[in-house]
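Worksheet for the structure shown next.
Chains as they are written, first to last, in my numbering: chain P, 3 to 108; chain W, 16 to 440.
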């Protein structure tokens, strides 16, 4: 199953990465095992987003920068507003990083 | 700020990851205790980040093993994590009585049943309080061997339990440390991670780098060949003396002309005191080295330049001049160095120049990118990670369809299954 390492940048992914770093540095974990955990996280996070999340969000804003490199879209929005069923958030500047969903199905 | 839905998903992801790497930990790895430690630290960080609600975490965690886990265990998790990271806690274990901790551990034990491993150990795993145990046990052993022995040895159940108690106590003892870390972290945790987040895209960045390298190499070499004969080299060289390119020629020539060079240096040395400029003397020494290298190099290079004659007619001339100019080196170091520097470059300079030019170019590029990226990331603590189904543009109007995303906006983590974006550029 193909996975993205994309989600490692999320809060949960960063928490895991930090934890693994600490444990590897202390000698509690081998780096190889830590990587296995990260790969498993990639899978679990992707699967969870597919199966457990149903909410829908709409985003509007001024596109300050767009970039498409190595099948990754990067948008930097200004004055962006995010709306979902529960709430609406407004931010002055937000970065959107998106991988090609078709790569996962391959 | 943790959205309950997000928190639930995160907790499930943690549990899913932990359960799916358990075999690896138990069979080939450091053992289940370390896995519990991992889970404990991970969850603690999540709580500190405010992404997971502490109470929810407990409720969910107990759900798998057994209902009704005490709230206190969560705090235990935090503590053990600190304790485990701190090394050589064993003394603390001995000092602190295990009994007080044992009681909390016992409650978790019922939950332990889900774990395939020995009953006492598994109990520890579901409960956060157990996490300290693994860390403590490995820590007691100064080296890795101790770690492996502890997890593998199932027969040692009593000892781990004791250790666990000790570890928790340790954690208590170490509370001073964790407490100091604890209060500040929540906000700090978030901020520092944002910059760190750069690492996550490693694969994507690497791909970029590789692409750049691949493309850059050929053009650069060609350019340098062109430049080797150009005047520009001479100008550049003085500034580049310190660069590694010259070191190579020195090494090559060291065996050849040392005696002559030393004589030259001596004569130069006599001149130096007259001027009394230490900096100039230093420079001259460097120049002298260069002179050596240049002197040596032309000799070695003599045969080599011939093949280049077709391409570059000048190098030979420079070589001869270089030999003649050696005398000038003694008197006027800078000028001859320039000339000579250009001559040796024919062979070695190509490499040297490449390196020199590569570094500034790459550095500049990297710096620019880094500055931009860092600036962006520093300025944009709001981040959306997702997959795109489709991105379209009509004139300045962009539309994109995203799915399976994690948004971190206004210190809130929001997950979405689908997202539509409409941007004007």
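The beta-carbon is built from N, C-alpha and C at its ideal position, and this holds for glycine as well.
#1: Which whole-angstrom value is the C-beta distance of residue 36(W) and residue 50(W), which I expect to be below 8 angstroms?
#2: Are the C-beta atoms of residue 4(P) and some chain W residue less than 7 angstroms apart?
#3: Whose CA, out of 406(W), 439(W), 428(W), lies closest to the CA of residue 100(P)?
#4: Does residue 80(P) have its Cβ less than 7 angstroms from a Cβ in chain W?
#5: Find the nearest neighbour of residue 64(P) within the set 58(P), 81(P), 87(P), 57(P), judged by alpha-carbon distance.
#6: Where do the N-terminal and C-terminal ends of the alpha helix (DSSP H) with residue 25(W) fall, by residue?
#7: DSSP three-state call for residue 243(W): helix, strand or coil?
#8: Rounded to whole angstroms, what's the CA-CA distance from residue 42(P) to residue 32(W)? Just pull it up for me.
#9: Out of curiosity, what's the CA-to-CA distance linking residue 57(P) and residue 421(W)?
#10: Note down the Cα distance separating residue 68(P) from residue 13(P), rounded to an integer number of angstroms.
#11: Going along chain W in order, which residues have a C-beta closer than 9 angstroms to the C-beta of residue 60(P)?
#12: Give the DSSP-derived three-state secondary structure of residue 432(W) in the structure shown.
#13: Hey, is residue 83(P)'s beta-carbon within less than 7 angstroms of any beta-carbon in chain W?
#14: So what does DSSP say about residue 341(W), is it helix, strand or coil?
#15: Could you check how far apart the C-beta atoms of residue 397(W) and residue 95(P) are, in whole angstroms? I think they sit under 8 angstroms.
#16: Run down chain W in chain order and give the residues with a C-beta less than 8 angstroms from the C-beta of residue 96(P).
#17: Between the segment 47-61 of chain W and the segment 14-21 of chain P, are three or more C-beta pairs nearer than 8 angstroms?
#18: Mind checking if residue 11(P) is an interface residue toward chain W, Cβ cutoff 7 angstroms exclusive?
#19: Under a three-way DSSP split, which group does residue 22(P) fall into?
#20: In chain P, which residues lie with their C-beta within 7 angstroms of the C-beta of residue 27(W)?
#21: Roughly how many angstroms separate the alpha carbons of residue 432(W) and residue 55(W), rounded to a whole number?
#22: Residue 475(W) and residue 60(P): beta carbons closer than 7 angstroms?
#23: Starting from residue 14(P), find everything on chain W with Cβ-Cβ shorter than 7 angstroms and list it in chain order.
#24: How many Å lie between residue 36(P) and residue 27(P) at the Cα?
#25: Looking at chain P, is there any beta carbon in it that lies within less than 7 angstroms of the beta carbon of residue 47(W)?
#26: In the DSSP output, what is residue 79(P) paired with across the bridge?
#27: Assuming residue 40(W) and residue 30(W) are in contact, meaning their beta carbons sit under 8 angstroms apart, how far apart are those beta carbons, in whole angstroms?
#28: Please state the DSSP three-state secondary structure of residue 84(P).
#29: Under the DSSP definition of a beta bridge, which residues are partnered with residue 409(W)?
On the basis of the data shown:
#1: 7 angstroms
#2: no
#3: 406(W)
#4: no
#5: 81(P)
#6: In this chain, the alpha helix (DSSP H) harbouring residue 25(W) covers 19-35.
#7: In this prediction, residue 243(W) has a pLDDT of 44, which is less than 50 and means its spatial position is unreliable; what the coordinates show is noted afterwards. Three-state DSSP puts residue 243(W) in a helix.
#8: 6 angstroms
#9: Each residue's alpha carbon lies about 11 angstroms from the other.
#10: 24 angstroms
#11: 434, 435, 436, 437
#12: strand
#13: no
#14: Reliability of the predicted coordinates at residue 341(W) is poor, the pLDDT of 48 falling under 50, and the value obtained from them is presented with this limitation in mind. Correct three-state label for residue 341(W): helix.
#15: 7 angstroms
#16: 395, 397, 398, 399, 424
#17: Yes, the segment 47-61 of chain W touches the segment 14-21 of chain P.
#18: yes
#19: helix
#20: Under the 7 angstroms cutoff, chain P gives 50, 54.
#21: 28 angstroms
#22: For residue 475(W) there is no data in the structure shown, the boundaries of chain W being 16 and 440.
#23: 25, 28, 61, 66
#24: Spanning the two alpha carbons is a distance of roughly 11 angstroms.
#25: For residue 47(W), the answer is no, since every Cβ of chain P falls outside 7 angstroms of its Cβ.
#26: Looking at the DSSP assignment, residue 79(P) forms a beta bridge with 65(P), 96(P).
#27: Incorrect: roughly 14 angstroms between the Cβ atoms, too far for contact.
#28: strand
#29: 412(W)
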